[in-house]
Amino acid sequence: MNHFELKGGELWCEDTKLSRIAETVGTPVYIYSSATLERHFNVLRDALVGAGVVEPLIAFAVKANPNVAVLRTLARLGAGADTVSEGEIRRALAAGVPADRIVFSGVGKTAEELAFALEAGVAEVNVESEPELEILDRIGREKGVRAAVAIRVNPDVAAGGHAKIATGKADNKFGVSFAEAERLYARAMNMAGVRAIGVACHIGSQITDLRPMEEAFFKMRGLVQRLRAAGLPVERLDLGGGLGVPYFNQPDPPAPDEYAAMVARVTSGLDVSLAFEPGRMIAANAGVLIAKVLHIHERPEGRRFLVLDAAMNDLIRPAMYDAYHHIRPVEPRAGEVGPYDVVGPICETGDTFTRDRDLPPLEPGDLVAFMSAGAYGAAMSSEYNSRLLVPEVLVRGEQFAVVRPRPTYDDMLSRERMPVWFEDPQ
Ligand code: LLP
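Following this line, the structure appears as structure tokens:
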């Protein structure tokens, strides 16, 4: 459920007309609903707690939507943060996420980032390889602390909506094998700069079938039991994120309470504290990208192009993963639907959001909303083609705030420097 609805013939976000925001801020623009973000977080937490999970750590995957105001909206509900860089840790801290609810994940953390994370006092570093464990141990010893570590395991289970976002197979770069995990865990217990507290997994994203998750979690349960049988204490089991959302063209994902019931069943009696790293399921349907129709270009041979002022640099998912985003006119006109190829202004064919999509009649100047764009939307935007970075707006009821303004062209140019050799007069 989300808070983008047609009222009186036009699309609103909560109690604010999307057209009013577009008029004030211009387009393209991302718009997020506070109520939807809050609802999704609460639904997941209530489902987990209702299923019997005691005090779950729900660490929002910052990569899905790193906007600091979005993070603060979730932090105020008690969310933690799953981070993968110093930048994301800094964002989470700036948003008011307590360090003891921050998880630091990622395949290639630098020594500087690990040192930063230890100084910040993050709850857990999810270690993905033996070299990383050794570096963290050295940094911990230098600082006189024992860094809390969870070993990220690759459970060798296939899942996820697209090959580019499946992470749980043994040939993916993520995590260590079960055998290696047992060895590394035991090794970490004897290191002075780290302290093994648990194990972690994350098998992929946009998962719409609970079976692969259940299989992976069951394997993780076995691992916890084997570690304990070897005399190694395990306090934490981090089950990652990955739960899918409805994008309209895919099977409906499992409801949060089905997910929670499965988690409770698989982990029952294990006596570990559970952590989760959801991104998409909290943020995707809490955001839209609003674009303006620039031209309608009809080819005599038949194709009809809807040229928008948003492009692949603003929303790359269709170009990168062939992702489907539902497109809705903000003020729908009456009339027959007809097929459009929806494209942006960027100079490559990949800048096509969709082909042959049936849409109601549209005219230049009309606004359209890309739905389900609150996760991995603005987060993956760029300035390609020297287009200004897309702004972001957060709505709460009748109020809205620009939480990341559109930069000016001067801002864009002022980041660059001319080399000294151009200063010499010829
Ligand atoms: N934890 C870890 C370790 C992750 O790598 C990810 C996502 C998450 C949690 C959050 O997963 P979620 O709950 O959002 O599925 N850019 C792609 C998605 C990449 C996901 C990467 N890892 C997309 O636009 O579909």
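Read in our numbering, the sequence shown has 59 at position 76, and its numbers run on one by one without any break.
Heads up, the beta-carbon is just placed ideally off N, CA and C, and yes, glycines get one too.
Problem set entry | Candidates G187, V53, V86: closest to A258 by CA position | Taking the sequence shown and counting its residues from 1, the one referred to as residue 258 is at position 275. The shortest Cα separation from A258 among G187, V53, V86 belongs to V86.
Exercise. What is the residue span of the alpha helix (DSSP H) that L1 lies within?
Worked result: By one-based count along the sequence shown, residue 1 stands at place 18. Segment 1 to 8, the alpha helix (DSSP H) holding L1.
Problem set entry | Endpoints, the alpha helix (DSSP H) within which T19 is located | Here residue 19 refers to the residue found at position 36 when the sequence shown is read from its first residue. Counting along the chain, the alpha helix (DSSP H) containing T19 begins and ends at 17 to 33.
Exercise. So is the beta-carbon of R28 under 8 Å away from any non-hydrogen atom of the ligand LLP?
Worked result: The residue given as residue 28 occupies position 45 in the sequence shown. No; taking the cut-off as 8 Å, the Cβ of R28 has no heavy atom of the ligand LLP nearer than that.
Problem set entry | Burial state of L54 (16 or more Cβ within 10 Å) | As a working mapping, residue 54 is identified with position 71 in the sequence shown. Per the 10 Å Cβ criterion, buried.
Exercise. Considering only residues of the region 313 to 362, which uninterrupted beta strand (DSSP E) runs meet the minimum length of 3 residues and lie entirely inside it, listed in chain order?
Worked result: 321 to 326, 335 to 342, 350 to 353
For this session: Throw me the rounded Cβ distance for the L167 and E113 pair, which I believe falls under 8 Å.
Result: Reading the sequence shown from its first residue, position 184 is the one you call residue 167. Reading the sequence shown from its first residue, position 130 is the one you call residue 113. Confirmed, Cβ separation roughly 6 Å.
Exercise. Would G187 pass as a contact of N268 if the rule is Cβ separation under 9 Å?
Worked result: Within the sequence shown, residue 187 is the residue found at index 204, counting from 1. Within the sequence shown, residue 268 is the residue found at index 285, counting from 1. The answer is no: Cβ separation not under 9 Å.
For this session: Would you list the residues sitting across from W404 in a DSSP beta bridge?
Result: Indexing the sequence shown from 1 puts residue 404 at position 421. Answer is none; W404 lacks a bridge partner.
For this session: Output yes or no for whether 9 Å exceeds the beta carbon distance between E142 and D192.
Result: Position 159 of the sequence shown, counting from 1, holds the residue named residue 142. Position 209 of the sequence shown, counting from 1, holds the residue named residue 192. The question names Glu, but residue 142 in the sequence shown is Ala. The answer is yes: Cβ separation under 9 Å.
Exercise. Would V326 pass as a contact of D334 if the rule is Cβ separation under 9 Å?
Worked result: The count along the sequence shown starts at 1 and reaches residue 326 at position 343. The count along the sequence shown starts at 1 and reaches residue 334 at position 351. Their beta carbons are under 9 Å apart, which means V326 touches D334 by this criterion.
Exercise. With a Cβ-Cβ cutoff of 9 Å, do R264 and P239 count as a contact?
Worked result: Counting from 1 along the sequence shown, the entry for residue 264 is found at position 281. Counting from 1 along the sequence shown, the entry for residue 239 is found at position 256. Checking the sequence shown, residue 264 turns out to be Met, not Arg. Contact: yes.
For this session: For the region 120 to 175, list the beta strand (DSSP E) runs that are entirely contained and at least 3 residues long, ordered along the chain.
Result: 130 to 135
Exercise. In terms of residue numbering, what span does the alpha helix (DSSP H) encompassing Q208 cover?
Worked result: Locating residue 208 in the sequence shown gives position 225, where the first residue counts as 1. Element bounds for Q208: 193 to 212.
Exercise. Under three-state DSSP, which class holds G262?
Worked result: Along the sequence shown, read from residue 1 onward, the residue named residue 262 stands at position 279. In the structure shown, G262 sits in coil (DSSP, three-state: anything other than H, G, I, E or B).
Problem set entry | P261: CB within 8 Å of a non-hydrogen atom of the ligand LLP | As a first step, residue 261 is located in the sequence shown; it is residue number 278 there, counting from the start. Yes; taking the cut-off as 8 Å, the Cβ of P261 has a heavy atom of the ligand LLP nearer than that.
Problem set entry | Heavy atom of the ligand LLP within 8 Å of D120 beta-carbon | Counting from one through the sequence shown, the residue named residue 120 turns up at place 137. Not so, every heavy atom of the ligand LLP lies at least 8 Å from the Cβ.
Exercise. Apart from the five residues just before and just after A44, which ones in its own chain have a Cβ nearer than 6 Å to its Cβ?
Worked result: For this step, residue 44 is matched to residue 61 along the sequence shown. Hits under 6 Å: D65, G224, E260, G262.
Exercise. Closest to E(-3) by CA distance: which of V108, S17, E111, G181 is it?
Worked result: Along the sequence shown, read from residue 1 onward, the residue named residue -3 stands at position 14. Of V108, S17, E111, G181, the residue nearest in Cα terms is S17.
Exercise. If we call anything under 9 Å between Cβ atoms a contact, is V108 one with K126?
Worked result: By one-based count along the sequence shown, residue 108 stands at place 125. By one-based count along the sequence shown, residue 126 stands at place 143. Against a cut-off of 9 Å, the Cβ pair of K126 and V108 comes out as no contact.
Problem set entry | Beta-carbon proximity list for R286, same chain, < 7 Å, skipping 5 on both sides | As a first step, residue 286 is located in the sequence shown; it is residue number 303 there, counting from the start. Only D324 meet the Cβ criterion.
For this session: Using the Cα positions of A352 and R194, report the straight-line distance between them to the nearest angstrom.
Result: Taking the first residue of the sequence shown as 1, we reach residue 352 at position 369. Taking the first residue of the sequence shown as 1, we reach residue 194 at position 211. Their Cα atoms are separated by approximately 33 Å.
Exercise. How big is the Cα-Cα spacing for G63 and H23?
Worked result: Against the sequence shown, residue 63 aligns to sequence position 80. Against the sequence shown, residue 23 aligns to sequence position 40. The alpha-carbon atoms of G63 and H23 are separated by roughly 14 Å.
Exercise. Under the criterion of a Cβ to heavy atom distance below 8 Å, does I190 qualify as lining the ligand LLP?
Worked result: If you number the sequence shown from 1, residue 190 lands on position 207. Correct: I190 has its Cβ closer than 8 Å to the ligand LLP.
Exercise. I think A294 touches A34, with their Cβ atoms under 8 Å apart; what is that distance to the nearest whole Å?
Worked result: Position 311 of the sequence shown holds residue 294. Position 51 of the sequence shown holds residue 34. About 43 Å; that fails the 8 Å criterion.
Exercise. Residues in its own chain within less than 7 Å of V67 by CB, not counting five upstream and five downstream?
Worked result: Numbered from 1 along the sequence shown, position 84 holds the residue referred to as residue 67. Excluding positions up to five away in sequence, the list reads K46, S88, G89.
Exercise. Which whole runs of the beta strand (DSSP E) in the region 42 to 121 are 3 residues long or more, in chain order?
Worked result: 63 to 66, 85 to 87, 107 to 110
Problem set entry | Close Cβ partners of T19 (< 6 Å) along its chain, the five nearest in sequence each way excluded | For the purposes of this step, residue 19 is identified with residue 36 of the sequence shown, where counting begins at 1. Excluding residues within five positions, the ones whose Cβ falls inside 6 Å are N(-15), H(-14), A269.
Exercise. Can we count M303 as close to the ligand LLP, meaning its CB is less than 8 Å from some heavy atom?
Worked result: Here residue 303 refers to the residue found at position 320 when the sequence shown is read from its first residue. Answer for M303: yes, Cβ within range of the ligand LLP.
For this session: Drop a sphere of 10 angstroms on the beta-carbon of G227, count the other beta-carbons inside from all chains shown, and report buried for 16 or more, exposed for fewer.
Result: Within the sequence shown, residue 227 is the residue found at index 244, counting from 1. Buried.
Exercise. When burial is assigned at 16 or more other CB atoms within 10 Å of the CB, is R401 buried or exposed?
Worked result: The residue given as residue 401 occupies position 418 in the sequence shown. Per the sequence shown, the amino acid found at residue 401 is Met instead of Arg. So M401 ends up on the exposed side.
Problem set entry | Meets three-Cβ-pair contact criterion under 8 Å: the region 126 to 138 and the region 169 to 178 | yes
Problem set entry | Proximal residues to A75 (C-beta, below 7 Å), its chain only, five neighbours per side dropped | By one-based count along the sequence shown, residue 75 stands at place 92. Result list for A75: V45, L54, A64, T66, I85, in chain order.
Exercise. Is P374 near P343, with beta carbons less than 9 Å apart?
Worked result: For this step, residue 374 is matched to residue 391 along the sequence shown. For this step, residue 343 is matched to residue 360 along the sequence shown. No, the Cβ-Cβ distance between P374 and P343 is not below 9 Å.
Exercise. Expressed to the nearest angstrom, what Euclidean distance is found between the alpha-carbon atoms of A94 and I118?
Worked result: Translated into positions along the sequence shown, residue 94 becomes position 111. Translated into positions along the sequence shown, residue 118 becomes position 135. Distance between the alpha carbons of A94 and I118: 7 Å.
For this session: State the DSSP-derived secondary structure class of R219, mapped to helix, strand or coil.
Result: For this step, residue 219 is matched to residue 236 along the sequence shown. Residue state, collapsed to three classes: strand.
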